[in-house]
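Q:
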Amino acid sequence: MTARCLLAPLILLLLSGFANAETRVRIDASKPGPTIDKNVYGQFAEHLGRGIYGGLWVGEGSTIPNTRGLRNDVLGALKDLRVPLVRWPGGCFADQYHWRDGIGPRSLRKKTVNASWGGVVDDNAFGTHEFFDFVEQLGADAYVSINVGTGSPREMAEWVEYMTSDAKGAMANLRRANGRAKPWRVRYLGVGNETWGCGGSMTPEYSTDVFKHFATFIKTPPDNTPLVVASGGTNKQTNWTRHLLENVEESWTLRLDGISHHYYTLPTGQWDRKGSAIGFPEAEWFSTLFRTLEIRGILASNVRILDQLDKKKKVGFVVDEWGTWYDSAEGASQSDLYQQNSVRDAVLAALNFHAFHEFADRVRLTNIAQMINVLQAMILTDGERMLLTPTYHAFHLYRPFQGARHLPAVVRGAPEYRQGGQSIPKISATAALGTDGKLYLGLVNSHPRDSEQIRVESSTPVAKASGRMLTGASLDAHNTFAEPNRVRPTPVELPGSKGGLEISLPPRSILILALE
Ligand code: AHR
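Numbering of the sequence shown is given in the numbering used here, commencing with residue -4 and proceeding in unit increments.
1) Whole angstroms is fine: what's the gap from residue 260's alpha carbon to residue 322's?
2) Closer than 6 Å: is that where the CB of residue 61 sits relative to any heavy atom of ligand 1?
3) Could you give the uninterrupted runs of the alpha helix (DSSP H) lying entirely in the region 243 to 277, keeping only those of 4 residues or more?
4) To the nearest angstrom, how far is it from the Cα of residue 142 to the Cα of residue 245?
5) Are the CB atoms of residue 463 and residue 392 within a distance shorter than 7 Å?
6) Do residue 310 and residue 482 count as a contact pair if the criterion is CB distance below 7 Å?
7) Using CA atoms only, rank isn't needed, just tell me which of 283, 82, 370 is closest to residue 324.
8) In the region 51 to 100, which residue ranges form an unbroken alpha helix (DSSP H) of at least 4 residues, counting only runs that do not cross its ends?
9) From residue 52 to residue 29, what does the alpha carbon distance come to, in whole angstroms?
10) Buried or exposed: residue 329, going by 16 or more other Cβ atoms within 10 Å of its Cβ?
11) Residue 242 and residue 190: beta carbons closer than 7 Å?
12) Could you spell out where the alpha helix (DSSP H) holding residue 200 opens and where it closes?
13) Flag this pair as yes or no: are the beta carbons of residue 156 and residue 166 separated by less than 7 Å?
14) Within the region 341 to 428, note down every full beta strand (DSSP E) run reaching 3 residues or more, in order along the chain.
15) Going by alpha carbons, who is nearest to residue 229 out of 182, 318, 154?
16) Starting from residue 526, trace the alpha helix (DSSP H) both ways and give me its first and last residue.
17) Quick check: the region 378 to 396 against the region 18 to 27, are at least 3 beta-carbon pairs closer than 8 Å?
18) Can you give the beta carbon distance from residue 116 to residue 106, rounded, assuming they're within the 8 Å contact cut?
19) Just confirm the distance between the C-beta atoms of residue 379 and residue 59, as a whole number of angstroms; I'd bet it's less than 8 Å.
20) In terms of residue numbering, what span does the alpha helix (DSSP H) encompassing residue 296 cover?
21) Which of the three DSSP states, helix, strand or coil, is assigned to residue 317?
22) Let me know the secondary structure DSSP gives residue 459 once reduced to three states.
23) How would you label residue 334, buried or exposed, when you count the other beta carbons within 10 angstroms and need 16 or more for buried?
24) With a threshold of 16 other CB atoms inside 10 Å of the CB of residue 358, please say whether the residue is buried or exposed.
25) Using three-state DSSP, classify residue 473 as helix, strand or coil.
26) For residue 509, which three-state DSSP category applies?
27) Taking 6 Å as the cut-off, does the CB of residue 189 come closer than this to any heavy atom belonging to ligand 1?
28) Between the alpha carbons of residue 404 and residue 506, how many angstroms are there, rounded?
29) Ignore the nearest five residues each way along the sequence and tell me which others in residue 3's own chain have a CB closer than 8 Å to its CB.
30) Measure the C-alpha to C-alpha separation of residue 118 and residue 249 and round it to an integer number of angstroms.
31) Looking at residue 86 and ligand 1, is the gap between the Cβ and the nearest heavy atom below 6 Å?
32) With 16 other CB atoms within 10 Å as the buried threshold, where does residue 295 fall?
33) Around the C-beta of residue 179, are 16 or more other C-beta atoms found within 10 angstroms, so that it is buried, or is it exposed?
34) Between the region 440 to 452 and the region 414 to 426, can you find at least three pairs of beta-carbon atoms closer than 8 Å?
35) Can you tell me the Cα-Cα spacing of residue 17 and residue 108, whole angstroms?
36) Looking at ligand 1, does it come within less than 6 Å of residue 364, judged from the CB to the closest heavy atom?
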């Protein structure tokens, strides 16, 4: 079908029934708020399952087309996504990672056991040089997680010197001997990961002291100084944020630029029976979206503490792991965390973006977990085959929001979506002034069955609107290797009318429009 054939029914669909629109979305373009940092759309790549090996790295000798060992198909898709930042090497894995195992000639690299994820043997083919080659090919920022759990300040200091120094010291010379003359740019350093759990089972008090100890020894050249992120809390916790802010006093030798926080969405909220990625009942469509919307409260309560204790707004709130976590499919390895990805994941991702935009002055960096073949992935691979998930398409739709100025978009009169005595807003909206000067609107209909008539009003006249929409034929519509394009965006064009736009938004959908 041609794009023109697809477009005609879509325009009709979007215009039908507009006379009854009671739901209003009002955009105030006269009040641009904070910039939505591009790194809010960051990714996470851990040595876990087929996240790196097979998914991204196939090695130079592979029959799968690659550039210096990195799959070309995956690289192409990620470039098109404009991935702004990648966090590596973990996760829990980071606290068992010793960087020296991953440098030098690959044939001589030590084989290590990935004790965090299934005890599989890691041949360390993907190490520091390969990671930076990857982010440089993508044009993305690097976010490196430091091993605090089983590492030492010395090991960290030497790795930092290896990556960032241009002096003639031993570490920079070692890097040169391994084939890289110039230092790499490290945008973020994460000191510790989940120190409350797999990163050391620490209390906030002990963890804060450990952070100060390690962070004091981050010594970098003045023109290549990474922003430093401390390991913080999870879920609804706020005590980690408070404790860090009250106890880390910045000095000439210690800085704190961000506090990490993790929030995963489980359909049931139970780790022993999380819920399925596909084939789930409507009750789990609802509970998954209900739980993911709790991110808003988590951001609000932590940002309140940041605003109280960091008046200069220097410290960011870094949600460096978020996304869905489902039961592994029957027969699949439990430690690979491989899961399917449906239109529910795409809707959920968009709802998270809206929350991150709302708190854009503090939320300057997030990382969805994870990029390829792990948890809520952008890309799934099977040998030489690759597919783009609905979540990939959600990230793609929201590209214009990277670096845009957030605008108020108020939803009025929209019904609630109710299930089992609970409810969530049916319609969610976000707006921004893009770096290209255009006004962008993002709309989500979280209802699994009902469309919604919406009238969009803007403080500036709207002559036309164009963009793309994503929806799926069923609650768990997803792409497979046999049918990789079942869920993908379709183009939308709408005429403006005096004072606004009339839209009929289909169930379980995301719509992104540029208003002109
Ligand atoms: O993303 C998978 C794991 O979830 C990470 O390794 C860990 O930090 C978190 O518990």
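We put the CB at the ideal spot given by N, CA and C, even for glycine.
As the structure is a computational prediction, the values presented were derived from the model and not from experiment.
A: So, from the listed chains and residues:
1) If you number the sequence shown from 1, residue 260 lands on position 265. If you number the sequence shown from 1, residue 322 lands on position 327. Each residue's Cα considered, the two are about 12 Å apart.
2) Here residue 61 refers to the residue found at position 66 of the sequence shown. Answer for residue 61: no, Cβ out of range of ligand 1.
3) Correct list: empty.
4) Start at 1 with the first residue of the sequence shown, and residue 142 comes out as number 147. Start at 1 with the first residue of the sequence shown, and residue 245 comes out as number 250. So the two alpha carbons sit approximately 22 Å from each other.
5) In the sequence shown, residue 392 corresponds to position 397, counting from 1. In the sequence shown, residue 463 corresponds to position 468, counting from 1. Their beta carbons are under 7 Å apart, which means residue 392 touches residue 463 by this criterion.
6) Numbered from 1 along the sequence shown, position 487 holds the residue referred to as residue 482. Numbered from 1 along the sequence shown, position 315 holds the residue referred to as residue 310. No, the pair does not count as a contact, with Cβ atoms beyond the cut-off.
7) Position 329 of the sequence shown, counting from 1, holds the residue named residue 324. Nearest option by C-alpha distance: 370.
8) Counting only runs of 4 or more residues that sit fully inside the region 51 to 100, the alpha helix (DSSP H) segments are 67 to 76, in chain order.
9) Within the sequence shown, numbered from 1, the residue matching residue 52 stands at position 57. Within the sequence shown, numbered from 1, the residue matching residue 29 stands at position 34. So the two alpha carbons sit approximately 37 Å from each other.
10) For the purposes of this step, residue 329 is taken as the residue at position 334 of the sequence shown. Exposed, since its Cβ has fewer than 16 Cβ neighbours within 10 Å.
11) One-based indexing of the sequence shown puts residue 242 at position 247. One-based indexing of the sequence shown puts residue 190 at position 195. No.
12) Locating residue 200 in the sequence shown gives position 205, counting from the first residue. For residue 200, the uninterrupted alpha helix (DSSP H) segment begins and ends at 199 to 211.
13) As a working note, residue 156 is residue 161 in the sequence shown. As a working note, residue 166 is residue 171 in the sequence shown. For the pair residue 156 and residue 166, the CB atoms are nearer than the 7 Å cut-off.
14) Runs of the beta strand (DSSP E) inside the region 341 to 428: 360 to 364, 374 to 377, 380 to 383, 400 to 402, 404 to 407, 411 to 414, 417 to 420, 422 to 428.
15) One-based indexing of the sequence shown puts residue 229 at position 234. For the options 182, 318, 154, the alpha carbon positioned closest to that of residue 229 is the one of 318.
16) With the chain running from -4 to 511 in the structure shown, residue 526 is simply not present.
17) No, because fewer than three Cβ pairs between the region 18 to 27 and the region 378 to 396 fall closer than 8 Å, the two stretches do not touch.
18) Locating residue 116 in the sequence shown gives position 121, where the first residue counts as 1. Locating residue 106 in the sequence shown gives position 111, where the first residue counts as 1. A Cβ-Cβ distance of about 5 Å is found for the pair residue 116 and residue 106, placing them in contact under the 8 Å criterion.
19) Within the sequence shown, the letter at position 384 stands for residue 379. Within the sequence shown, the letter at position 64 stands for residue 59. Yes, they are in contact, since the Cβ atoms of residue 379 and residue 59 sit about 5 Å apart, within 8 Å.
20) Here residue 296 is taken as the residue at index 301 of the sequence shown, counted from 1. Looking at the DSSP string, the run of the alpha helix (DSSP H) that includes residue 296 is 289 to 304.
21) Taking the sequence shown and counting its residues from 1, the one referred to as residue 317 is at position 322. Three-state DSSP puts residue 317 in a strand.
22) For the purposes of this step, residue 459 is taken as the residue at position 464 of the sequence shown. Annotated three-state conformation of residue 459 is strand, per DSSP.
23) To locate residue 334, count along the sequence shown from 1; it is residue 339. Counting Cβ neighbours within 10 Å, residue 334 comes out buried, since at least 16 surround it.
24) Locating residue 358 in the sequence shown gives position 363, where the first residue counts as 1. Buried is the call here.
25) Against the sequence shown, residue 473 aligns to sequence position 478. Assignment of residue 473 by DSSP, reduced to helix, strand and coil, places it in the strand class.
26) Mapped onto the sequence shown, residue 509 falls at position 514. In the structure shown, residue 509 sits in a strand (DSSP, three-state: E or B).
27) The sequence position of residue 189 within the sequence shown is 194, counting from 1. Flag set: Cβ of residue 189 near ligand 1.
28) Counting from 1 along the sequence shown, the entry for residue 404 is found at position 409. Counting from 1 along the sequence shown, the entry for residue 506 is found at position 511. A straight line joining the alpha-carbon of residue 404 with that of residue 506 spans about 14 Å.
29) Start at 1 with the first residue of the sequence shown, and residue 3 comes out as number 8. With a pLDDT of 40 at residue 3, under the threshold of 50, the predicted position of this residue should be treated as unreliable, though the coordinate-derived value follows. Taken in chain order, the list of residues that qualify is empty.
30) Taking the first residue of the sequence shown as position 1, residue 118 is located at position 123. Taking the first residue of the sequence shown as position 1, residue 249 is located at position 254. Cα to Cα, the separation comes out at about 35 Å.
31) In the sequence shown, counting from the first residue as 1, residue 86 sits at position 91. Yes, the beta carbon of residue 86 sits closer than 6 Å to at least one heavy atom of ligand 1.
32) Within the sequence shown, the letter at position 300 stands for residue 295. Residue 295 sits exposed, since fewer than 16 C-beta atoms from the chains shown fall within 10 Å of its C-beta.
33) Indexing the sequence shown from 1 puts residue 179 at position 184. Residue 179 is buried by the Cβ-count criterion.
34) Output reads yes: the region 440 to 452 touches the region 414 to 426.
35) Walking along the sequence shown from the start, residue 17 turns up at place 22. Walking along the sequence shown from the start, residue 108 turns up at place 113. Cα to Cα, residue 17 sits roughly 59 Å from residue 108.
36) By one-based count along the sequence shown, residue 364 stands at place 369. Yes, since a heavy atom of ligand 1 falls inside the 6 Å radius drawn around the Cβ of residue 364.
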